[in-house]
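One structure is given below, encoded as structure tokens.
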Amino acid sequence: MSLLKAEPPAPVRSPDELFALAHALEAEAATRYAELANQMEELNLPEVAAVFHHLVAEERGHAAHVEDWARGTIGTPPDPARIRWQPPETFDEEEARQIASSRLASAYRALSMAVRNEERAFALWTYIAAQAETPAIRAAAERMAGEELHHAALLRRARRHAYHAEREPVASAGRPSALARAAQAEAKLAAVLPALASGDEVLAPHSAELRRLGEAAAAMGREAAALAGDDRAAVPAGDAGQDRLQEVLRLSEQAAEAYLDAAEAGRDEDRVRRLQSLAKDAIARVAVLRRLTKMI
Numbered sequence: 001m002s003l004l005k006a007e008p009p010a011p012v013r014s015p016d017e018l019f020a021l022a023h024a025l026e027a028e029a030a031t032r033y034a035e036l037a038n039q040m041e042e043l044n045l046p047e048v049a050a051v052f053h054h055l056v057a058e059e060r061g062h063a064a065h066v067e068d069w070a071r072g073t074i075g076t077p078p079d080p081a082r083i084r085w086q087p088p089e090t091f092d093e094e095e096a097r098q099i100a101s102s103r104l105a106s107a108y109r110a111l112s113m114a115v116r117n118e119e120r121a122f123a124l125w126t127y128i129a130a131q132a133e134t135p136a137i138r139a140a141a142e143r144m145a146g147e148e149l150h151h152a153a154l155l156r157r158a159r160r161h162a163y164h165a166e167r168e169p170v171a172s173a174g175r176p177s178a179l180a181r182a183a184q185a186e187a188k189l190a191a192v193l194p195a196l197a198s199g200d201e202v203l204a205p206h207s208a209e210l211r212r213l214g215e216a217a218a219a220m221g222r223e224a225a226a227l228a229g230d231d232r233a234a235v236p237a238g239d240a241g242q243d244r245l246q247e248v249l250r251l252s253e254q255a256a257e258a259y260l261d262a263a264e265a266g267r268d269e270d271r272v273r274r275l276q277s278l279a280k281d282a283i284a285r286v287a288v289l290r291r292l293t294k295m296i
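Quick note on full-length UniProt numbering: the sequence shown kicks off at 1 and runs consecutively.
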């Protein structure tokens with residue numbers, strides 16, 4: 001699962017803090033990719049090193065964009081002193097170590113790691129938007145989330161080219177398609193969430209929000225099934241009443257990941273954009289559910 005293991009520990013409360021956090025994340029990614037580029041050169045893997053050098057340039061470009069945005073909005077460049085807490089990790093240290101120590105490193109593996117890093121950054125900004133206490137912070141965080149999602153889409157495209165160039169093995173034939181998995185998860189959520197809203201005294205104060213999420217899940221499940229071309233994909237299975245909030249959270253993360261997988265495989269740009277929008281909604285739902293788990 002490529003989403004964050006934990007949500008941000010506190011809301012972002014000012015534009016200064018938001019820009020400082022955004023710039024720090026981009027600069028940190030550039031530094032880590034530069035280290036990996038050097039390590040790939042030491043392993044005599046110039047093609048993989050070139051991928052990481054390209055990622056360094058991309059991340060530095062993103063950091064420069066944040067600097068320009070900050071100057072245009074608050075009149076000053078991002079100030080790291082404005083960051084009040086350590087953000088959840090978006091760069092996969094373990095995967096980076098594995099790549100750095102292996103002669104099996106490839107452009108595909110490098111780009112796969114970069115895609116997952118961007119997806120975690122997207123999730124982080126979606127959580128920050130969900131926690132925002134003012135419309136301005138929410139709008140800025142949503143813009144950052146959209147930019148990270150765009151970066152991930154570009155990297156997925158490059159990863160597809162690397163995949164075909166390296167002729168990596170295809171996924172197992174028996175596994176359901178990404179959209180079928182998303183539709184099934186949404187259908188289960190559409191049954192589970194209203195059951196939690198009406199059958200759990202602890203969650204009773206949040207029943208309206210849980211029902212709203214259930215209605216949204218039903219609609220998203222129907223859309224995912226239609227995009228999959230299989231109405232049966234949306235049929236839920238099992239006893240929804242036995243599921244608890246942690247299971248709902250797990251299903252929501254599964255749906256978000258499935259939408260991202262489906263977007264990666266898409267070729268039609270309109271379809272990809274719709275799948276990315278579904279992914280954004282699914283990750284926003286994860287943020288809401290994480291907030292509920294903290295409240296009860």
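Positions of the beta carbon are idealized from the N, C-alpha and C atoms, including for glycine.
Own chain residues within Cβ distance below 8 angstroms of residue i, not counting five before or after
| i | result |
| --- | --- |
| Ala240 | Reliability fails at Ala240, whose pLDDT of 43 lies under 50, so the model's placement of it is uncertain and no value is given. |
| Gly238 | A caution first: Gly238 carries a pLDDT of 45, below 50, which makes its placement in the model too unreliable to give a value. |
| Arg271 | Leu227 |
| Pro46 | Met40 |
| Leu278 | Ala182, Met220, Glu223, Ala224 and Tyr259 |
| residue 316 | This structure gives no information on residue 316, because the portion of the chain shown stretches from 1 to 296. |
Nearest to residue i (by Cα), restricted to the options the options
| i | options | result |
| --- | --- | --- |
| Glu67 | Pro15, Asn44, Ala107 and Asn117 | Pro15 |
| residue 313 | Phe122, Glu17, Phe52 and Glu47 | This structure leaves residue 313 out entirely; the chain is present only between 1 and 296. |
| His23 | Asp281, Pro80 and Ala279 | Pro80 |
| Ala30 | Ala63, Phe19, Glu7 and Asn44 | Ala63 |
| Pro176 | Arg285, Ala162 and Ala255 | Ala255 |
| Glu42 | Glu133, Glu201, Ala114 and Ala100 | Ala100 |
| Ala216 | Ala225, Gly199 and Ala282 | Ala282 |
| Ile83 | Glu223, Lys5 and Ala10 | Ala10 |
| Ala208 | Ala197, Lys5 and Arg116 | Ala197 |
| Gln184 | Arg250, Thr293, Gln276 and Arg290 | Arg250 |
| Lys5 | Leu210, Asn117, Glu269 and Ala165 | Asn117 |
| Arg60 | Ala165, Asn44, Thr73 and Tyr33 | Tyr33 |
| Glu186 | Asn44, Ala218 and Glu94 | Ala218 |
| Ser112 | Arg160, Gly199, Glu93 and Glu201 | Arg160 |
Cβ-Cβ distance between residue i and residue j below 8 angstroms
| i | j | result |
| --- | --- | --- |
| Arg138 | Ala145 | no |
| Val51 | Ala96 | no |
| Ala121 | Glu148 | yes |
| Glu119 | Ala152 | yes |
| Thr126 | Lys280 | yes |
| Ala287 | Glu7 | yes |
| Arg285 | Ser252 | yes |
| Leu213 | Leu245 | no |
| Leu155 | Pro87 | no |
| Val12 | Ala136 | no |
| Ala140 | Val48 | no |
| Trp69 | Phe19 | yes |
Supposed close pair residue i, residue j - CB separation, criterion 8 angstroms
| i | j | result |
| --- | --- | --- |
| Ala158 | Ala262 | Between Ala262 and Ala158 the Cβ distance is about 18 angstroms, and since that is not below 8 angstroms, they are no contact. |
| Ala114 | Leu55 | 6 angstroms |
| Ala107 | Ala162 | 4 angstroms |
| Phe91 | Glu28 | 7 angstroms |
| His206 | Leu292 | 6 angstroms |
Cutoff 7 angstroms; reference residue i; Cβ partners in own chain excluding five residues on either side
| i | result |
| --- | --- |
| Glu142 | Ala129 |
| Arg71 | Pro77 |
| His150 | none |
| Leu36 | Phe52, Ala96, Ile99 and Ala100 |
| Gln242 | With a pLDDT of only 40 at Gln242, under 50, the local geometry of the prediction cannot be trusted, and the value read off the model is given with reservation. Answer for Gln242: no residue qualifies. |
| Gly266 | Val272 and Leu275 |
| Thr73 | Pro15 |
| Glu58 | none |
Own chain residues within Cβ distance below 6 angstroms of residue i, not counting five before or after
| i | result |
| --- | --- |
| Ala258 | Ala178, Arg181 and Ala182 |
| Glu264 | Arg156 |
| Leu210 | Leu193, Leu196 and Ala197 |
| Asn38 | none |
Distance cut-off 7 angstroms: residue i Cβ against heavy atoms of the ligand FMN
| i | result |
| --- | --- |
| Arg71 | Among the ligands in the structure shown, none appear at all, so the ligand FMN cannot be discussed. |
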